[in-house]
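**Q** Sequence order for the protein chains is A and B.
Quick note: the first sequence uses numbering that gives the first Met the number 0, first residue 0, plus one each step.
Quick note: the second sequence uses numbering that gives the first Met the number 0, first residue 0, plus one each step.
From the three backbone atoms N, C-alpha and C, an ideal C-beta is built for every residue, glycine too.
Small disclaimer: the values here were computed from a predicted structure and weren't measured.
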Amino acid sequence: MRHEPVYWFCLIVAPIFCLVFFTTLMGAGLPTEMPTGIVDLDNTPTTRQIVRNLDAFEQTKIVAHYANVTEARKAVQRGEIYAYFLIPKGTTAEANMQHSPVVSFYTNNSFMVAGSLLGRDMRMMSELASGAAGRKVLRARGATDAQAMAFLQPIVIDTHPIGNPWLDYNVYLSNILVPGILGIFIFMLTVYTFGYEIKNGTGQELMSLARGSLIKAVSAKMFLPTIFFLSVGFLMIIYFYAILHFPCYGGIWRMLIVMLLYVIGCQGMGIFMFIVLPTLRLSLSFASLWGVVSFSICGMSFPVIAMDGWIQGLSLLFPLRHYYLLYVNTALNGYGLFNAWPYMAALIGFTVLPCLFARRLKNIISYMKYIP
Amino acid sequence: MKRFLVLFREAWRDWNYIFQREMYNIFHDGALLIFFILVPLAYPILYTLIYNNETLHETPIVVVDNSKSAMSRDYLRRLDGTSEVRIAGYAADMEEAEEWVRKRDAYGVVVIPATMADDIANMKQTHVSIFVDMGGLLYYKTMLLANTEVSLQMNREIKLMRTPGLSTRADEQAVTAPIRYEQVTLFNPSSGFAQFLIPAVMVILLHQTLLLGICLSAGTERESNKLYQLLPVHEHHHGLIRIITGKGAAYFVLYLWNVVFCLGIIPHVFHLPQLSDAIDVWAIAVPFLLACIFFGMTISGLIRHRENCMMIIVFSSLPLLFLSGISWPWDSIPRFWQLFAHIFPSTHGVRAFIKLNNMGASLAEAENELLWLWGQVVVYAVTTIFTYYRGLVKIRLRFPAHKTDSAVRQ
Chain A
0 MRHEPVYWFC LIVAPIFCLV FFTTLMGAGL PTEMPTGIVD LDNTPTTRQI
50 VRNLDAFEQT KIVAHYANVT EARKAVQRGE IYAYFLIPKG TTAEANMQHS
100 PVVSFYTNNS FMVAGSLLGR DMRMMSELAS GAAGRKVLRA RGATDAQAMA
150 FLQPIVIDTH PIGNPWLDYN VYLSNILVPG ILGIFIFMLT VYTFGYEIKN
200 GTGQELMSLA RGSLIKAVSA KMFLPTIFFL SVGFLMIIYF YAILHFPCYG
250 GIWRMLIVML LYVIGCQGMG IFMFIVLPTL RLSLSFASLW GVVSFSICGM
300 SFPVIAMDGW IQGLSLLFPL RHYYLLYVNT ALNGYGLFNA WPYMAALIGF
350 TVLPCLFARR LKNIISYMKY IP
Chain B
0 MKRFLVLFRE AWRDWNYIFQ REMYNIFHDG ALLIFFILVP LAYPILYTLI
50 YNNETLHETP IVVVDNSKSA MSRDYLRRLD GTSEVRIAGY AADMEEAEEW
100 VRKRDAYGVV VIPATMADDI ANMKQTHVSI FVDMGGLLYY KTMLLANTEV
150 SLQMNREIKL MRTPGLSTRA DEQAVTAPIR YEQVTLFNPS SGFAQFLIPA
200 VMVILLHQTL LLGICLSAGT ERESNKLYQL LPVHEHHHGL IRIITGKGAA
250 YFVLYLWNVV FCLGIIPHVF HLPQLSDAID VWAIAVPFLL ACIFFGMTIS
300 GLIRHRENCM MIIVFSSLPL LFLSGISWPW DSIPRFWQLF AHIFPSTHGV
350 RAFIKLNNMG ASLAEAENEL LWLWGQVVVY AVTTIFTYYR GLVKIRLRFP
400 AHKTDSAVRQ
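1) Whole angstroms is fine: what's the gap from aspartate 104 (chain B)'s alpha carbon to alanine 128 (chain A)'s?
2) With a threshold of 7 Å on Cβ separation, who are the neighbours of phenylalanine 18 (chain B) within its own chain once the five nearest residues in sequence on each side are excluded?
3) Express the C-alpha separation of glycine 179 (chain A) and leucine 297 (chain A) in angstroms, rounding to a whole number.
4) Got a sec: is the Cβ-Cβ distance from glycine 162 (chain A) to anything in chain B below 8 Å?
5) Can you give me the start and stop residues for the alpha helix (DSSP H) that arginine 134 (chain A) sits inside?
6) Using the Cα positions of tyrosine 388 (chain B) and phenylalanine 321 (chain B), report the straight-line distance between them to the nearest angstrom.
7) Kindly say whether tyrosine 50 (chain B), judged by its beta-carbon, lies nearer than 8 Å to any beta-carbon of chain A.
8) Taking the continuous beta strand (DSSP E) assigned at asparagine 107 (chain A), which residues delimit it?
9) Using C-beta distances below 7 Å, list every residue in its chain close to tryptophan 336 (chain B), excluding the 5 sequence neighbours before and after it, in chain order.
10) So is alanine 66 (chain A) buried or exposed if we call it buried at 16+ other beta carbons inside 10 Å?
11) Between B:Ser71, B:Glu181, B:Lys354, B:Lys67, which has its C-alpha nearest alanine 282 (chain B)'s C-alpha?
12) First and last residue of the alpha helix (DSSP H) that includes lysine 1 (chain B)?
13) Interface residues of chain B around methionine 33 (chain A) at Cβ under 9 Å?
14) What is the DSSP secondary structure of glycine 359 (chain B), reduced to helix, strand or coil?
15) For isoleucine 240 (chain B), which of B:Ala41, B:Lys67, B:Ile384 has the nearest alpha-carbon?
16) Figure out for me which residue from A:Glu93, A:Gly114, A:Leu336, A:Gly133 has the closest Cα to the Cα of tyrosine 248 (chain A).
17) How should glycine 191 (chain B) be labelled, buried or exposed, when 16 other C-beta atoms within 10 angstroms of its C-beta is the threshold for buried?
18) To the nearest angstrom, report how far apart isoleucine 325 (chain B) and alanine 351 (chain B) are at their CA atoms.
19) With distance defined between alpha-carbon atoms, name the residue in B:Ile302, B:Gly374, B:Arg221 nearest to proline 286 (chain B).
20) Counting contacts by CB-CB distance shorter than 8 Å, is valine 131 (chain B) in contact with chain A?
21) Report back the beta-carbon spacing between valine 112 (chain A) and tryptophan 327 (chain B) to the nearest angstrom; my notes put them in contact at under 8 Å.
22) Can you tell me the Cβ-Cβ gap for leucine 117 (chain A) and proline 87 (chain A), rounded? I've got them flagged as a contact below 8 Å.
23) Determine, for methionine 111 (chain A), whether the minimum Cβ-Cβ distance to residues of chain B falls below 8 Å.
24) Where does glycine 200 (chain A) fall in DSSP's three states?
25) Relative to chain A, which residues along the segment 1 to 32 of chain B have a C-beta separation below 7 Å, given in chain order?
26) Interface residues of chain B around cysteine 354 (chain A) at Cβ under 7 Å?
27) For the beta strand (DSSP E) that contains methionine 33 (chain A), what are its first and last residues?
28) Which one of B:Phe130, B:Leu369, B:Asn121, B:Asp79 has the shortest CA to CA distance from glutamate 94 (chain B)?
29) Using a Cβ-Cβ cutoff of less than 8 Å, which residues in the same chain neighbour asparagine 51 (chain B) once the five nearest sequence positions on both sides are dropped?
30) Grab me the residues of glutamine 273 (chain B)'s own chain with a C-beta within less than 7 Å of its C-beta, minus the 5 sequence neighbours each way, in chain order.
31) Answer with buried or exposed for tryptophan 371 (chain B), where buried requires no fewer than 16 other C-beta atoms within 10 angstroms of its C-beta.
32) Closer than 9 Å between beta carbons: that is the criterion. Which residues of the segment 150 to 161 of chain A meet it against chain B?
33) May I have the straight-line CA-CA distance separating glutamine 152 (chain A) from threonine 125 (chain B), to the nearest angstrom?
34) What is the residue span of the alpha helix (DSSP H) that glutamate 94 (chain B) lies within?
Here's what the structure looks like:
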């Protein structure tokens, strides 16, 4: 094992690279200063104030003024700006005359994160501008600010995002993406460990070393990778919750247990993949394809409840799905582990899955010939 | 002249041989078939099926109605009527509501204050609180959208109620919304997930399967080869350019179909945006494929065992998707990672395809990406030549040229 660089790559280098990659890429938590354009056809002190206010929003950065909508659209298509704000000619005059002018904002939702965040800023800006105009009128009639606000916005919505009040994307994505990549490596390396024996024709040797005991053979082969994967997994948990201070209301030790179950669950799944397809390249293909689909089907970005029924069922066959549910339960919502016992049971199920096929595994290791 | 013709015919024979041999290898290797043919066929369908419902509808929520007034009932009725959320149940207090969230029967809680009706009657602001499960941002988005929508609607009506004597519609508008606004979501009107993600995933898929296939094929070549080299010792394997273009052409021809399927048929069948001309798509697909092929052939020089390339390439799909700037905006990616992203053809391939296909841009707007892609083609062609040149030199050293033809046939 020491002489195989690929082991070190999968065990240590790549998972840690991903840990650093995702947490630094999204280190800001929320994208800030996203380039935005302005089409101000009115160009009065009032509209210029609106533009300045919009620029002051954290996520928005006004980078250009365009003479008309076509130019702004071209800039969006060139990828220079993600959104633009249109103030038609005569807006100020109409507002003063209480004619309710319309301002519009255009967001490019091909880039969903940028589009929706900028849309939120511009919506709020429009509300404020409208509120300011309304307050002006009401104050002229002798109302106080509080009265004016109560008149303009009788019902207010207070939002409380449980566990991630900053809507931090780093928290939202890194928490699952990095363990997901660890899962891919566990699948692949587990398959590789056994497939390599077959490829080198050393299966029988392995079994005789273990004196014919499958349990001894498997546990000996799995011992070191388990230690390494667990160390990397625990490192992730500590890095997320103790160093980056991602929210973890259930306590770090609970997440360590979740990670432990996830690692051994993935290993069980890896052995199962090898049992299904004992040819190294085919089982590796299986492992990699299963691992990559995990990200989409685990429901972290697109909720599983929005998928079709049969895909909802399929999602249960992916260890990452259960890890994700346990993470939401434990770290974000701060509930006890036993509240989420079905997912823990599922991960343990993955771990013991290969036991059901022990006889077949023994046969494969002992007698299977490598066919190039 | 005659000598030139002889040379040309020989080169043509060699080229044909290499091309056919590569094709033969591809169709007689299970793993290569998986990555070159099966994955590009099955994955797009699977991914599209996962994301096909585009947005979250009817998210189950639970309500704590402390007001129990006509007004709060009105609010909740309207909330239930939105397409975004569905009231799954009523709880007596926050504790009971949390029980719903805990069991994942609801993904959000709406709390109506006890004072709602009084507040409104006394011309005070009233605060409706929403609590959202943050396991997914989409829960938050739908919950906020639905509540904002309902509150704006009711606010408008409350204002009208409080301002008697409005005669015209224009008067009404002046009171309810001194400045109105409209949001136009360009290019992805429903903010759908499939529309946003699938086109990018298709390009990454082409990139990754191409790299995997090329590296697997190179790894097989090495393993079946006595000298453990990238190239077999063979009478037809001696022109450097012949070898590279022969192999490259095999991959290119194979991927012509994959491009048609992933970038043409899939968006068409699943009603995803398809705003560009086929010709424009080919104008980026050709340099993209060439860049990927040469990039793949370059890194295949580093692969010792054929299985190892899977370990290296498969996991990188996700970082590559993020480096393309489709999810986390490009302008917010730290400078270092931006530079890193320029190494990979996928970055510019994704961006160019999104511009053309999703945003209906013309080639002129994607000029920057096109330049990058062609630049990569040139750079990686040079590195490929270097890689294969080294391979050839190693073989020549072991087997001087005049012997290769007869002595060492495989």
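**A** So, to answer that:
1) Reading the second sequence from its first residue, position 105 is the one you call residue 104 (chain B). Reading the first sequence from its first residue, position 129 is the one you call residue 128 (chain A). Each residue's Cα considered, the two are about 39 Å apart.
2) For the purposes of this step, residue 18 (chain B) is taken as the residue at position 19 of the second sequence. Gly245, Ala248, Ala249.
3) What you label residue 297 (chain A) is simply residue 298 of the first sequence in a count that begins at 1. What you label residue 179 (chain A) is simply residue 180 of the first sequence in a count that begins at 1. Residue identity differs from the one stated: residue 297 (chain A) is cysteine in this sequence, not leucine. Rounded to the nearest angstrom, the two C-alpha atoms are 9 Å apart.
4) The residue given as residue 162 (chain A) occupies position 163 in the first sequence. The C-beta of glycine 162 (chain A) comes closer than 8 Å to at least one C-beta of chain B.
5) Here residue 134 (chain A) refers to the residue found at position 135 when the first sequence is read from its first residue. 111 to 139 is the span of the alpha helix (DSSP H), which, as asked, contains arginine 134 (chain A).
6) Here residue 388 (chain B) corresponds to residue number 389 of the second sequence, with the count starting at 1. Here residue 321 (chain B) corresponds to residue number 322 of the second sequence, with the count starting at 1. Spanning the two alpha carbons is a distance of roughly 34 Å.
7) Reading the second sequence from its first residue, position 51 is the one you call residue 50 (chain B). Chain A places a beta carbon closer than 8 Å to that of tyrosine 50 (chain B), counting this residue as a contact.
8) Within the first sequence, residue 107 (chain A) is the residue found at index 108, counting from 1. It spans 101 to 107 - the beta strand (DSSP E) in which asparagine 107 (chain A) sits, taken as one unbroken run.
9) Counting from one through the second sequence, the residue named residue 336 (chain B) turns up at place 337. Spatial neighbours of tryptophan 336 (chain B) in its own chain (CB-CB distance under 7 Å, excluding positions within 5 residues in sequence) are listed in chain order as Leu322.
10) The count along the first sequence starts at 1 and reaches residue 66 (chain A) at position 67. Counting C-beta atoms within 10 angstroms of its own C-beta, alanine 66 (chain A) has fewer than 16 neighbours from the protein chains shown and is therefore classed as exposed.
11) The sequence position of residue 282 (chain B) within the second sequence is 283, counting from 1. Nearest option by C-alpha distance: B:Lys354.
12) Along the second sequence, read from residue 1 onward, the residue named residue 1 (chain B) stands at position 2. Its alpha helix (DSSP H) spans residues 1 to 26.
13) Here residue 33 (chain A) refers to the residue found at position 34 when the first sequence is read from its first residue. Contacts between methionine 33 (chain A) and chain B, judged by CB atoms closer than 9 Å, involve Pro328, Asp330, Ser331 in chain order.
14) Position 360 of the second sequence holds residue 359 (chain B). Note: glycine 359 (chain B) maps to coil in three-state DSSP.
15) As a working note, residue 240 (chain B) is residue 241 in the second sequence. Taking the Cα of isoleucine 240 (chain B) as reference, the smallest distance to any Cα among B:Ala41, B:Lys67, B:Ile384 is reached at B:Ile384.
16) Within the first sequence, residue 248 (chain A) is the residue found at index 249, counting from 1. The option with the nearest alpha carbon to tyrosine 248 (chain A) is A:Leu336.
17) The count along the second sequence starts at 1 and reaches residue 191 (chain B) at position 192. Classification of glycine 191 (chain B): buried, given that the 10 Å Cβ count is 16 or more.
18) As a working mapping, residue 325 (chain B) is identified with position 326 in the second sequence. As a working mapping, residue 351 (chain B) is identified with position 352 in the second sequence. Using only the alpha carbons, I get a separation of about 11 Å.
19) The sequence position of residue 286 (chain B) within the second sequence is 287, counting from 1. Ranking the options by Cα distance to proline 286 (chain B), first place goes to B:Gly374.
20) As a first step, residue 131 (chain B) must be located in the second sequence, where it is residue number 132. Yes - at least one Cβ of chain A is within 8 Å of the one on valine 131 (chain B).
21) In the first sequence, counting from the first residue as 1, residue 112 (chain A) sits at position 113. In the second sequence, counting from the first residue as 1, residue 327 (chain B) sits at position 328. Taking C-beta atoms under 8 Å as the contact rule, valine 112 (chain A) and tryptophan 327 (chain B) qualify, at a distance of about 6 Å.
22) Translated into positions along the first sequence, residue 117 (chain A) becomes position 118. Translated into positions along the first sequence, residue 87 (chain A) becomes position 88. Not quite, the Cβ-Cβ distance comes to about 20 Å (not below 8 Å), so this is no contact.
23) Within the first sequence, the letter at position 112 stands for residue 111 (chain A). The C-beta of methionine 111 (chain A) comes closer than 8 Å to at least one C-beta of chain B.
24) Along the first sequence, read from residue 1 onward, the residue named residue 200 (chain A) stands at position 201. Glycine 200 (chain A): coil per DSSP, three-state reduction.
25) Taking 7 Å as the Cβ-Cβ cut-off against chain A, the residues of the segment 1 to 32 of chain B that qualify are Gly29, Ala30.
26) The residue labelled residue 354 (chain A) in the question sits at position 355 within the first sequence. Residues of chain B with a Cβ closer than 7 Å to the Cβ of cysteine 354 (chain A) do not exist, since the nearest Cβ in that chain sits about 26 Å away.
27) If you number the first sequence from 1, residue 33 (chain A) lands on position 34. For methionine 33 (chain A), the enclosing beta strand (DSSP E) covers residues 33 to 39.
28) Against the second sequence, residue 94 (chain B) aligns to sequence position 95. For the residues B:Phe130, B:Leu369, B:Asn121, B:Asp79, the minimum Cα distance to glutamate 94 (chain B) belongs to B:Phe130.
29) Here residue 51 (chain B) refers to the residue found at position 52 of the second sequence. So the list reads Ala193, Phe269, once near-sequence residues are dropped.
30) Walking along the second sequence from the start, residue 273 (chain B) turns up at place 274. Pro266, His267, Asn356, listed in sequence order.
31) To locate residue 371 (chain B), count along the second sequence from 1; it is residue 372. Result: buried.
32) Within the segment 150 to 161 of chain A, the qualifying residues are Phe150, Leu151, Gln152, Pro153, Ile154, Val155, Ile156, Asp157, Thr158, His159, Pro160, Ile161.
33) Residue numbering aside, residue 152 (chain A) sits at position 153 when the first sequence is read from its first letter. Residue numbering aside, residue 125 (chain B) sits at position 126 when the second sequence is read from its first letter. Near 9 Å, if we compare the C-alpha coordinates of threonine 125 (chain B) and glutamine 152 (chain A).
34) Along the second sequence, read from residue 1 onward, the residue named residue 94 (chain B) stands at position 95. That run of the alpha helix (DSSP H) goes 93 to 101.
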